[in-house]
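In this note's numbering, the protein residues as written are 1 to 107.
Okay, structure first, notes after.
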Amino acid sequence: MNIQFKKGVLNLCVLVLLDKQDRYGYELVQKISNQISISEGSVYPLLRRLTKEGYFTTYLKESTEGPPRKYYALTDSGREYLHEQLKEWQHFSQGVNTLIKEGFNND
């Protein structure tokens with residue numbers, strides 16, 4: 001899949017996954033990787049940036065499988081940002097799908 005496509009939707013994927021529950025970084029990578037082929041290194045810079053922008057808070061939680069894990073939680077600001085991003089995505093994807101259908105119908 002085109003890497004630019006992935007970069008464009010990765011932001012939205014992370015926000016959507018954190019809307020339902022707090023998650024740690026590797027868990028997010030695994031969950032996204034089940035649907036989209038991504039590298040682990042692409043998620044962590046995104047998490048740092050969105051945390052710095054105030055969309056996430058973080059906390060440490062003990063793990064039975066090693067050191068404590070850093071969990072990410074969506075803030076109220078992050079939830080608003082998610083809803084904005086979802087509206088933009090729906091508008092964008094609808095437009096692209098319309099163009100694709102028109103293109104195939106004109107063949």
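Glycine included, every Cβ here is placed at the ideal spot set by N, Cα and C.
Report yes if the CB atom of residue i is closer than 9 angstroms to the CB atom of residue j, and no otherwise.
i          : j           : result
residue 32 : residue 15  : no
residue 50 : residue 8   : no
residue 81 : residue 44  : no
residue 19 : residue 74  : yes
residue 46 : residue 10  : yes
residue 42 : residue 101 : no
If you follow the alpha helix (DSSP H) that residue i is part of, which residue opens it and which one closes it?
i          : result
residue 62 : Per DSSP, residue 62 belongs to no alpha helix (DSSP H); it is in the beta strand (DSSP E), 56 to 63.
Considering residue i, what are the terminal residues of the beta strand (DSSP E) in which it resides?
i          : result
residue 25 : Looking at the DSSP string, residue 25 is not in any beta strand (DSSP E); the run it does join, the alpha helix (DSSP H), is 25 to 33.
residue 95 : From DSSP, residue 95 is part of no beta strand (DSSP E) but of the alpha helix (DSSP H) over 76 to 105.
In angstroms, rounded to a whole number, what distance separates the CA positions of residue i and residue j?
i          : j           : result
residue 61 : residue 90  : 35 angstroms
residue 29 : residue 35  : 10 angstroms
residue 83 : residue 104 : 31 angstroms
With a cut-off of 8 angstroms, do at least 3 Cβ pairs link the stretch 22 to 40 to the stretch 66 to 85? yes
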